[in-house]
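Sequential numbering from 49 applies to the sequence shown in my numbering. First up is the structure itself, then whatever we jot down about it.
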Amino acid sequence: MSYDWATATLRDSTTGTTSTLLPHVCANNSGWTAISASLTGGDTYTLTLVSHDDGFAGDPTYTLSGWSTSGSTSISSAAHGGGFSGVAGAATATNGDSTISQTFTPGAGASQVSVWYSNVCHDTVTFDWVKVTLTDNSATSTTVLVPNTCSSSTAWTMASGPVVPGHSYTLTLLNHDDNLAGDPTFTRFDDITLT
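Dropping the structure here:
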């Protein structure tokens, strides 16, 4: 439930109060569940339904559908949460940049985007690296969430950055490899969330 969920809220615009009808839930069945709320006659209401998917979870046939890719990209069963992660680069040498990116618009209430990554780098940051950027297309500015980094550890690390609801953003997950056969570099990415 940490990465995929559904929620429902009801806002009474007259009184300015918001009720959570359905807290963050995640169920492994497709059954129907009824939820209800009391209403006050004459008040105006906004019902907000949210279904959240981190974009990298799924079944064994999962792909990077919905993401733009370039260079060498794939799916791995080595994941931070769930069953799969997206991979830029490869366990064999690749030439230059491999990227996974997506353009999105945060909804009301969103204040940050976060991503977990695991960089496997057997070189130095001069030649190989991971880099994560968040471009605010509306404000034409770019924030570097992960500067050029080369780590021989496979530990998962979280990076995050602020977002403004209604702005268009492009999140770019980049792995750079210098194509030297003896020290390939690749990076796994997982659990990308808006909160």
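Here a beta-carbon is modelled for each residue, glycine too, at the ideal position from N, C-alpha and C.
Residue i burial status per 10 Å Cβ neighbour count (16 or more: buried)
i: LEU87; result: exposed
i: GLY230; result: exposed
i: ILE83; result: exposed
i: TYR217; result: buried
i: VAL212; result: exposed
i: HIS170; result: exposed
8 Å Cβ cutoff met for residue i and residue j
i: ALA158; j: THR243; result: yes
i: VAL138; j: TYR165; result: It is Ala, not Val, that sits at residue 138 in the sequence shown. Going by C-beta atoms, ALA138 is not nearer than 8 Å to TYR165.
i: SER149; j: LEU219; result: yes
i: ALA126; j: ARG236; result: yes
Per-residue DSSP class, three states only, for residue i
i: ILE148; result: strand
i: LEU112; result: coil
i: TRP177; result: strand
i: ILE240; result: strand
i: ILE123; result: strand
i: ASP184; result: strand
Beta-carbon proximity list for residue i, same chain, < 8 Å, skipping 5 on both sides
i: ALA203; result: SER166
i: HIS252; result: Here the chain comprises residues numbered 49 to 243, so residue 252 is not present and cannot be evaluated.
i: THR92; result: ASP60, SER61 and THR62
Neighbourhood of residue i by C-beta, 6 Å cutoff - its chain only, sequence neighbours within 5 removed
i: THR181; result: THR190, VAL192 and THR220
i: VAL168; result: THR202 and PHE234
i: SER118; result: THR147
Nonlocal neighbours in the same chain, by C-beta distance under 7 Å from residue i, ignoring five residues either side
i: GLY209; result: GLN160, VAL161, LEU182, THR191 and LEU193
Is it true that the region 213-226 meets the region 171-181, where meeting means three or more beta-carbon pairs spaced less than 8 Å apart? yes
Inter-stretch contact (C-beta, 8 Å, three-pair minimum) for the region 140-154 and the region 187-205: no
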